[in-house]
Amino acid sequence: MTSLVSPAGKDCTGFGFQEVVYTFKQTGTMPPQVNESSSITHGSAKDLFYTNNDSGGKPVVYEIDKKGTLKDSIVIPDANNIDWEDLTRDGSGNLCIGDFGNNNNKRKNLRIYKYNPVSKTTDIVFFAYEDQESFPPLKGERDFDCEAFVWYKNNFYLFSKNRTSNPVKVYMVPDESGEQVAKKVAEIPLEGMITSAALNKDNTQLALLSYGRIYIFKSENQKEHLSLTPQYCTPFAMGIQSEGLEYLEGNKLLISNEQGDIIEAELSKPKDTGKTKTSSQKK
Numbered sequence: 003m004t005s006l007v008s009p010a011g012k013d014c015t016g017f018g019f020q021e022v023v024y025t026f027k028q029t030g031t032m033p034p035q036v037n038e039s040s041s042i043t044h045g046s047a048k049d050l051f052y053t054n055n056d057s058g059g060k061p062v063v064y065e066i067d068k069k070g071t072l073k074d075s076i077v078i079p080d081a082n083n084i085d086w087e088d089l090t091r092d093g094s095g096n097l098c099i100g101d102f103g104n105n106n107n108k109r110k111n112l113r114i115y116k117y118n119p120v121s122k123t124t125d126i127v128f129f130a131y132e133d134q135e136s137f138p139p140l141k142g143e144r145d146f147d148c149e150a151f152v153w154y155k156n157n158f159y160l161f162s163k164n165r166t167s168n169p170v171k172v173y174m175v176p177d178e179s180g181e182q183v184a185k186k187v188a189e190i191p192l193e194g195m196i197t198s199a200a201l202n203k204d205n206t207q208l209a210l211l212s213y214g215r216i217y218i219f220k221s222e223n224q225k226e227h228l229s230l231t232p233q234y235c236t237p238f239a240m241g242i243q244s245e246g247l248e249y250l251e252g253n254k255l256l257i258s259n260e261q262g263d264i265i266e267a268e269l270s271k272p273k274d275t276g277k278t279k280t281s282s283q284k285k
């Protein structure tokens, strides 16, 4: 495997993160059309965002503001919503939709849709994991689900949602239409199942969202392939299905969950383990 992640910093989870305090505030609620938000990413203009429903819904992406006001509904041509999990944008401004939810590890039709908002056309990247041989594998080996990805320098990076083992597997998929192989490039021993990923604007920081924590990595944007160093972590919304994550300006993040909340998170300060309590989600 390619060396992707380097341990560093003060240990708070067993893999080199410094625990910090974020403040959380609810900015809005999803519109009725979005009844199970599984993602959020930047939209067609500043302060607008795309989101989508989870598996089995219409092949539609909804554009909203931070209050949850519906601004547009976009039907993605030549697409089906088998299990849409995460959204990201590529270097050309295409909206990329990860149709790779795979709870039972049975799927042989994993794909990424690339929607061009100018031409209103869709390209498709089909892929299979290089290390999956059985569909499904044995119960103790079913770690081929995914709900999180980012685009970086002509490759997609997928982060597995593991149910049977701790290491999060990182796969690299070439951003090329047609059949591709998802190559495993790293394993990260994180706690919790990863549900969304986001890179900041200048590709210097990556965030991973899980059921219970947010993990922040420093990214070396001058390198050809995604290179990450553990930086911060914070507890977040244990028990709530938060599955959408995007960077705002600076250290701010925008989060969506399947319960319809839209939440803004901002880095406050390092945790004082002797005096400071971890911040909790505010509504």
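Here the sequence shown stands for residues 3 to 285, where the numbers follow my numbering. By construction, the Cβ of each residue, glycine as well, lies at the ideal position given by its N, Cα and C atoms.
ask   = Pick from F161, D101, P138 and I78: whose alpha carbon is nearest that of V120?
value = Counting from one through the sequence shown, the residue named residue 120 turns up at place 118. For the residues F161, D101, P138 and I78, the minimum Cα distance to V120 belongs to I78.
request  = Could you please give me the residues that DSSP links to S162 through a beta bridge?
outcome  = Here residue 162 is taken as the residue at index 160 of the sequence shown, counted from 1. Per DSSP, C148.
query = Looking only at its own chain, which residues have a Cβ that is under 8 Å from the Cβ of F17, when we skip the five neighbours before and after it?
reply = Along the sequence shown, one-based indexing puts residue 17 at 15. Closer than 8 Å at Cβ, skipping near neighbours: P9, I190, P191, L192 and P232.
request  = Check N141 in the structure and name its three-state DSSP category.
outcome  = For the purposes of this step, residue 141 is taken as the residue at position 139 of the sequence shown. Correcting the residue type first, residue 141 is Lys in the shown sequence and not Asn. K141: helix per DSSP, three-state reduction.
Whole-number beta carbon distance between M32 and I265, since they are thought to touch under 8 Å = Numbered from its first residue, the sequence shown carries residue 265 at position 263. Numbered from its first residue, the sequence shown carries residue 32 at position 30. About 11 Å; that fails the 8 Å criterion.
message = In whole angstroms, give me the CA-to-CA distance for G142 and A130.
response = In the sequence shown, residue 142 corresponds to position 140, counting from 1. In the sequence shown, residue 130 corresponds to position 128, counting from 1. Approximately 20 Å between the Cα atoms of the pair.
Counterpart residues of V36 in DSSP-defined beta bridges = Working through the sequence shown from its first residue, we reach residue 36 at position 34. Paired residues: none, contrary to the question.
key: Start-to-end residues for the beta strand (DSSP E) that takes in D101   = For the purposes of this step, residue 101 is taken as residue 99 along the sequence shown, with counting starting at 1. Element bounds for D101: L97 to D101.
query = Do you know how far the Cα of C235 is from the Cα of K12?
reply = What you label residue 12 is simply residue 10 of the sequence shown in a count that begins at 1. What you label residue 235 is simply residue 233 of the sequence shown in a count that begins at 1. Legend: pLDDT at K12 = 48, less than 50; position of this residue unreliable, no value from coordinates given.
message = Under 8 Å, with one C-beta from each stretch per pair, do the stretch 85 to 96 and the stretch 69 to 77 reach the 3-pair mark?
response = With a cut-off of 8 Å, the stretch 69 to 77 and the stretch 85 to 96 do not count as touching, because too few Cβ pairs lie within range.
query = Where do the ends of the beta strand (DSSP E) carrying A188 lie?
reply = Taking the first residue of the sequence shown as position 1, residue 188 is located at position 186. Note, A188: beta strand (DSSP E), G180 to P191.
query = For R144, which of N107, L50 and L255 has the nearest alpha-carbon?
reply = To locate residue 144, count along the sequence shown from 1; it is residue 142. Per the Cα distances, N107.
inquiry  = Suppose you measure from the CA of E21 to the CA of K254; what does that come to, to the nearest Å?
reply    = Locating residue 21 in the sequence shown gives position 19, where the first residue counts as 1. Locating residue 254 in the sequence shown gives position 252, where the first residue counts as 1. One C-alpha to the other measures close to 16 Å.
inquiry  = Within a Cβ cutoff of 6 Å, which residues of the same chain sit near G276, ignoring the five residues on either side of it in sequence?
reply    = Your numbering for residue 276 matches position 274 in the sequence shown. Since pLDDT at G276 reaches only 48, below the 50 mark, its modelled position is unreliable, and no value is offered.
query = Under a three-way DSSP split, which group does V1 fall into?
reply = The requested residue 1 is not part of the displayed model; the chain covers only 3 to 285.
ask   = Among the residues of its own chain, which have a CB less than 6 Å from the CB of N202, if the five just before and after it don't count?
value = By one-based count along the sequence shown, residue 202 stands at place 200. Taken in chain order, the residues that qualify are Y249.
ask   = With a Cβ-Cβ cutoff of 8 Å, do V170 and A184 count as a contact?
value = Taking the sequence shown and counting its residues from 1, the one referred to as residue 170 is at position 168. Taking the sequence shown and counting its residues from 1, the one referred to as residue 184 is at position 182. Here V170 is not near A184, since their CB atoms are 8 Å or more apart.
task = Assign V127 to one of three DSSP states: helix, strand, or coil.
result = Within the sequence shown, numbered from 1, the residue matching residue 127 stands at position 125. The answer is strand: DSSP assigns V127 an E or B state.
inquiry  = Please report the straight-line C-alpha distance between N104 and E222, rounded to a whole angstrom.
reply    = Here the question's residue 104 lines up with position 102 in the sequence shown. Here the question's residue 222 lines up with position 220 in the sequence shown. Each residue's alpha carbon lies about 30 Å from the other.
request  = Can you give me the start and stop residues for the beta strand (DSSP E) that L250 sits inside?
outcome  = Residue mapping note: residue 250 aligns to position 248 of the sequence shown, counting from 1. Premise fails: L250 is in no beta strand (DSSP E) and is neither H nor E.
ask   = Looking at C-alpha atoms only, which residue of I76, R113 and T166 is the closest neighbour of G180?
value = Taking the first residue of the sequence shown as 1, we reach residue 180 at position 178. The option with the nearest alpha carbon to G180 is R113.
Environment of M3 [buried if 16+ CB atoms lie within 10 Å] = On the sequence shown, position 1 is the one that residue 3 refers to. Confidence in M3 is poor, its pLDDT being 45 and thus under 50, which makes the residue's placement unreliable; the coordinate value appears in the next sentence. The residue is exposed, with fewer than 16 neighbouring Cβ atoms inside 10 Å.
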